[in-house]
């Protein structure tokens, strides 16, 4: 699906730009850039931790039900 590929590419570009921001901040000893780099990494950690906790709280049957509902909503009329 093109939307999924686009989302993966967008995430990759975002992470690449974020890593460049950290590299430039470290090389130039730019404290403001490093602060925002640290802040964005902290927010990403919180998001990932929240998603992991949510995934652990969902049973296998609920996962199957959510996946089936997602497939039903994702089907496009041909």
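Residue numbers (this note's numbering): 184 to 261.
Even for Gly, the Cβ is constructed at its ideal location relative to N, Cα and C.
Boundaries of the alpha helix (DSSP H) in which residue i is found, first to last residue
i: residue 242; result: Here residue 242 belongs to no alpha helix (DSSP H), and DSSP marks it neither H nor E.
i: residue 258; result: Residue 258 -> no alpha helix (DSSP H), and no H or E assigned at all.
Check whether residue i and residue j have beta carbons under 8 Å apart
i: residue 201; j: residue 223; result: yes
i: residue 198; j: residue 208; result: no
Give the list of continuous alpha helix (DSSP H) stretches no shorter than 4 residues that lie fully inside the stretch 196-254. 214-240
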